[in-house]
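> Numbering of the sequence shown is given in my numbering, commencing with residue 2 and proceeding in unit increments. No residue lacks a Cβ here, since even glycine has one placed at the ideal position from N, Cα and C. Next up is a structure, given as structure tokens.
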Amino acid sequence: MCAARGVPEAIDGVARAASALDAPTRDACAAALTTVGAFVWVKAFDALAKRGVFSSALSRKLVHITSGTFYAATWPLFSASVDARWFAAFIPLAQGARLFAIGSGLIDNANAVKAVSREGGREELLKGPLYYTVVLAACAGAYWRTSPVGLVALTMMCGGDGFADIIGRRFGSGNPLPWNAQKSFAGSIGFIIGGFVAASGLLAYFDAFGFIDVVGATYVSTAVIACACALVESLPLTDFVDDNFSVALTAIALGTLLYV
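Right, dumping it as structure tokens:
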């Protein structure tokens with residue numbers, strides 16, 4: 002519990018130290034620090050995968066789960082300026098532009114293709130990974146720190162969808178869903194638990210900073226959203242819409258209705 006309190010206190014300490022800077026300078030520094038931190042974070046998982054700590058597939062999924070949450074956790078570093086959200090949104094947009102350039106062949110980067118893609122094709126970067134960055138940027142730009150809607154949409158995409166894949170692969174054999182044999186009850190349960198825990202943690206984190214007010218009903222609504230998003234993720238819709246979009250949009254729609 003003390004460790005959990007220590008994280009926002011540490012971030013708050015950095016934010017207070019940066020308060021002496023003017024807003025644009027502080028936001029530029031926060032964006033730079035977040036970018037460097039994200040790069041180190043991803044490289045750490047790559048290094049662990051190369052050392053055989055876990056597979057490259059698991060590494061990609063762990064990056065999927067943690068990167069967006071890490072990104073949102075840095076938002077308190079930014080100033081109170083109305084433009085701060087755009088400095089934050091620029092980070093995933095820049096990464097999205099890089100993925101688009103590599104995926105479309107404008108830039109040759111075999112290492113990035115190997116690290117991000119499942120099957121080794123550069124065109125894969127134009128799908129899930131690119132959509133992931135779009136959702137992150139949209140949550141920052143549209144909802145920022147003062148609404149639980151963006152935070153929950155982001156964590157359902159990261160924690161929910163990520164854990165659904167990990168748990169489904171590990172425990173999903175023999176319990177396929179009746180409406181989609183490629184999905185499992187285990188994976189859907191993993192989604193609900195992973196999404197709810199990730200969202201609740203981030204909501205409590207931003208509540209500790211005073212950006213939002215979290216009460217018991219907030220967690221009840223979050224559980225409802227996690228269940229609904231798990232259902233949407235389990236539907237055979239991947240040929241029509243990517244999970245990153247369908248899950249995030251479901252969370253946004255329900256969050257807009259429930260978080261009042």
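Just the C-alpha distance for residue 115 and residue 163, rounded to the nearest angstrom, thanks.
If you take the alpha carbons of residue 115 and residue 163, they lie about 19 angstroms apart.
> Quick one: grab the DSSP three-state call for residue 112.
Residue 112: helix per DSSP, three-state reduction.
> Apply the 10 Å Cβ neighbour rule to residue 184 and answer buried if 16 or more other Cβ atoms are within range, or exposed otherwise.
The residue is buried, with at least 16 neighbouring Cβ atoms inside 10 Å.
> Buried or exposed: which applies to residue 23, given that a residue is buried once 16 or more other Cβ atoms fall within 10 Å of its Cβ?
By the 10 Å Cβ count, residue 23 comes out exposed.
> Out of curiosity, what's the CA-to-CA distance linking residue 109 and residue 103?
Answer to the nearest angstrom: the Cα atoms are 6 angstroms apart.
> Is DSSP giving residue 176 helix, strand or coil here?
Residue 176 falls in the coil class under three-state DSSP.
> Mind reading off the beta-carbon distance from residue 134 to residue 100? Whole number of angstroms is fine, and I expect it under 8 angstroms.
The Cβ separation is near 7 angstroms, so the contact holds.
> In this structure, how does DSSP classify residue 60 when only helix, strand and coil are distinguished?
It is helical.
> Should the segment 147 to 155 be regarded as contacting the segment 166 to 180, the criterion being three or more beta carbon pairs within less than 8 angstroms?
Result no; under three Cβ-Cβ pairs closer than 8 angstroms.
> Tell me the DSSP bridge mates of residue 181?
Residue 181 is bridged to 178.
> Who are the near neighbours of residue 234 in its chain, counting only those whose CB is closer than 8 angstroms to its CB and skipping five residues on each side?
Closer than 8 angstroms at Cβ, skipping near neighbours: 161, 162, 165, 184, 189, 192, 244, 247 and 248.
> Between the C-alpha atoms of residue 156 and residue 130, what's the straight-line distance to the nearest angstrom?
Taking the straight line from one Cα to the other gives about 15 angstroms.
> With DSSP run on the structure shown, which of helix, strand or coil describes residue 247?
Residue 247: helix per DSSP, three-state reduction.
> With distances taken from CA atoms, which of 128, 63 and 69 is nearest residue 263?
What is shown of the chain runs 2 to 261, which leaves residue 263 out entirely.
> Give the DSSP-derived three-state secondary structure of residue 239 in the structure shown.
Here residue 239 sits in coil by DSSP.
> Expressed to the nearest angstrom, what Euclidean distance is found between the alpha-carbon atoms of residue 219 and residue 194?
Each residue's alpha carbon lies about 16 angstroms from the other.
> Please return the same chain residues whose Cβ sits closer than 7 angstroms to the Cβ of residue 252, not counting the five positions on each side in sequence.
These residues qualify, in order along the chain: 153, 154, 157, 226 and 230.
> From 172, 145, 35 and 29, pick the residue whose C-alpha is nearest to that of residue 207; which is it?
The shortest Cα separation from residue 207 among 172, 145, 35 and 29 belongs to 145.
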